[in-house]
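Structure record follows, encoded as structure tokens.
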Amino acid sequence: MLTYLPKRIGQGLLTVFLTVSVVFLLIRMAPGDPAASFAGPLATNEQLAAVREQFGLDKPLLQQYVIFIGQLFTGHLGQSYSFQAPAVQVVMDRLPYTLTLATSSILLAALVAIPLGMWMARRSDTDAELGVNVLTIAGQSMPDFWTGIMLLTGFSVLIPLFPASGFTTWGGLVLPTITVAILQIALVSRMVKREMVTNFNAPYLNIARSRGVSERVLTWKYALGNAGIPVFTALGTRFAAMLNGVVVVEVVFGWPGVGSLIVRALETRDYPLIQATVLITALLAVVVQLLIDLAYPLLDPRVRLGKAASA
Amino acid sequence: MSTTISNPTQAPQSPRSSAVTKQMLKKSSAARRARSTRIKLWLGTILTLVVVVPIALANLLPIADPNMQDLGARRLAPLVDGHLFGTDQLGRDLLSRVLFGGQTSLMIGVLAVVVSGAIGVILGSIAGFYGKWADVIISRVLEAQMSLPLLMMLLLVVALFGPSIPVITGVIAIAQWPEVARLTRSLVLVEREKPYVDAAKTLGLPKLRILAQHVIPNVFKQASLVILLLLAQAVLLESALSFLGAGPQRPFSTWGRLISDGQDYITTSWWMVTLPGLFIVVLVVGVNLLGDALRDGNLRRSSKKEGK
């Protein structure tokens, strides 16, 4: 444990550092001039040069990188070009929206997927299960932007139940949450089913049954208890991935989160904003992943951190 | 007690007449699982063909040119004036646009899977077979890539190299190779411990030749099972990129672009989003079902072979 934690934190920080470095390089290699998109199409060459100097883009790449590394340590990543505010601040303002959407989606997914997966495992290979199985495959086959637009058309345009875009009332959370959750439900319920079936077929369960343990205890305590860890990991990993922005769904619903922010930042070549977004979301994802790992021993007393580092 | 969770491999197989009736055999979980797999296989094949065949024959079918505008026939509803799927905001035939757009989408998907499959199998088998530093490097790159925000990186790279078809194909392939590589690596790790590899070594075959001629062919069949699942993913990824405006540009009208164009008209013209989307869904469901069924079937065969 004492060597495990520093090692994991070190690995996580290294991943974050590599990620931001790659992004730093990529955006500067990309065509498109942030000065041009900032100063507008009518700007003269002198104005463009002035803007570049103001943003520090006239310096050599290596020097820009060194400045950037320095900024990483101070936590101040420069002014966003288009928002005219500290880039970190802009991202932090958007973060609660993405967190809200990600949390509500993962909760909905867990609430539906776990019972659904258990049901599928118990009814394995019946006609009803086959039907649900095909439905879950459909769930993971629908492009999320399309599902989103369909839900919008149905429950916002045709039947005006929910607002079409933005997050002004709690009702605005419903459709994006469902859109994100559909894919997650499909993936997680199939996984729950797989894990449960593996446990149902395991010898220990037959022994327990032969000793007269009731079916209910077998299902809920034995099989689900053992299926819990991989399922919990999957849910956590999916949650961490969502923190990188549920890009497409946020764009469809005009959701003021990190995902729609990054699309806008890419379009306007807002370098500081892109870097700040990547840094913060990558850090968050690493932290969530670490928390999941730390929670293992709580779920399963057999797990000793550090020894099971391959997990 | 529920019979659904009894051990499937215990289904009686003796040729002697027994008290077990055919009816009971049919109900056994092994038989039912085989039936599920069969149904999935058929359903998957049918759904895939429903989409792929018209796309493949698009040039032969008697449909309008996908780019022919008719401003007098803007946003016609489906089935009006011989337009099976209706028309779009410029009066172009939607069915024709969906089919020809599908050619681009499918081509990108297939090419991406071929490229990612090749990279994945080669790097994965090198990592698994040679181990040591090769494994360390490849596994690290894998991990690093899987922790990157995928869609954002794809958007960045497309912005960098321009949204041409080779770039988009390459980007999707790069997004997908880790999955193939991981699978191949784990298969090769098992394979290289088998006696025939030792035998080949004793015979003095060079390592590379053992890998290329004996190990890879042996793991290839299992590794190739993910291909269909990857194809489904590739089609979805491409449509998401197109939807965000980072897909192939004009004159190619891929499915994601059709949907993003139609988004502005959802209040009045539902078909412009619904129908192209349904095409994607039917194709991807079909391909996923096929992939699922093949994997189920393969799992069962291999567990039977090993006598479980």
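Read top to bottom, the protein sequences are chains A and B. Numbered by this note's numbering, the letters in the first sequence go through residues -7 to 303 in order. Numbered by this note's numbering, the letters in the second sequence go through residues 2 to 309 in order. For each residue, glycine too, the CB sits at the ideal point set by N, CA and C.
- At a beta-carbon threshold of 7 Å, the residues of chain B lying near I254/A are M153, ordered along the chain.
- Annotated three-state conformation of H215/B is helix, per DSSP.
- Shown here, D293/B sits in a helix according to DSSP, grouped into three states.
- Note that the C-beta distance between A156/A and L144/A is below 7 Å.
- Within the DSSP bridge table, the entry for P78/A names Q71/A as partners.
- E207/A counts as exposed, since fewer than 16 other C-beta atoms from the protein chains shown sit within 10 angstroms of its C-beta.
- Contact between the region 152 to 172 of chain A and the region 240 to 247 of chain A is present: 3 or more CB-CB pairs across the two stretches fall below 8 Å.
- Rounded to whole angstroms, the gap between the alpha carbons of K195/B and T170/B is 37 Å.
- At the C-beta level, L265/A and A31/A stay beyond 7 Å of one another.
- The beta carbons of R186/A and T128/A sit no closer together than 7 Å.
- L151, L152, M153, M154, L156, L157, V158, A160, L161, F162, G163: these are the residues of the region 151 to 182 of chain B whose beta carbon lies less than 9 Å from some beta carbon of chain A, given in chain order.
- Between N289/B and S29/A, the gap from beta carbon to beta carbon reaches 7 Å or more.
- In terms of beta-carbon proximity, I267/B lines the interface with chain A, with at least one pair separated by less than 7 Å.
- Minimum Cα-Cα distance from H68/A among the listed residues Q55/A, S74/A, V82/A corresponds to V82/A.
- By the rule that beta-carbons nearer than 7 Å mark a contact, F244/B touches chain A.
- For F147/A, not one C-beta of chain B is nearer than 7 Å to its own C-beta.
- Put simply, of V21/B, Q223/B, T46/B, L155/B the residue whose alpha carbon is nearest the alpha carbon of A182/B is Q223/B.
- Looking at G251/A, V279/A, L283/A, the one whose alpha-carbon comes closest to that of P88/A is G251/A.
- Ranked by Cα distance from G103/B, the first of V52/B, P63/B, L230/B is V52/B.
- In the displayed model, D119/A falls within a helix according to three-state DSSP.
- Here N191/A is buried. Its C-beta has 16 or more other C-beta atoms within 10 Å.
- Per DSSP, the continuous alpha helix (DSSP H) segment holding V172/B begins and ends at 166 to 192.
- Using a 10 angstroms sphere on the CB of Y73/A, the tally of other CB atoms reaches 16 or more, which defines it as buried.
- Using beta-carbon distances, S106/B does not count as an interface residue toward chain A, since no partner is under 7 Å.
- Taking the C-beta atoms as reference points, A113/A is found nearer than 7 Å to V189/A.
- For the 7 Å CB-CB criterion, V223/A and V280/A do not form a contact.
- Listed along chain B, no residue sits closer than 8 Å to T95/A by beta-carbon distance, the nearest being about 18 Å off.
- In this structure the region 147 to 159 of chain B does not touch the region 191 to 208 of chain B; the number of beta carbon pairs closer than 8 Å is below three.
- Residue pairing by DSSP places D94/B opposite T88/B in a beta bridge.
- For V137/B, the secondary structure class from DSSP, reduced to helix, strand or coil, is helix.
- Here K133/B is exposed. Its C-beta has fewer than 16 other C-beta atoms within 10 Å.
- Residues of the region 181 to 205 of chain A whose Cβ lies closer than 7 Å to any Cβ of chain B, in chain order: F192, N193.
- Taking C-beta atoms as the reference points, S243/B and T255/B count as a pair closer than 7 Å.
- Selection I260/B, A174/B, F130/B evaluated against I217/B yields F130/B as nearest (Cα-Cα).
- Against chain A, the beta carbon of I260/B has neighbours under 9 Å at P135, F137, W138, I141, listed in chain order.
- The contact set of I56/B on chain A, defined by CB atoms closer than 8 Å, is empty, because the minimum CB distance reaches about 17 Å.
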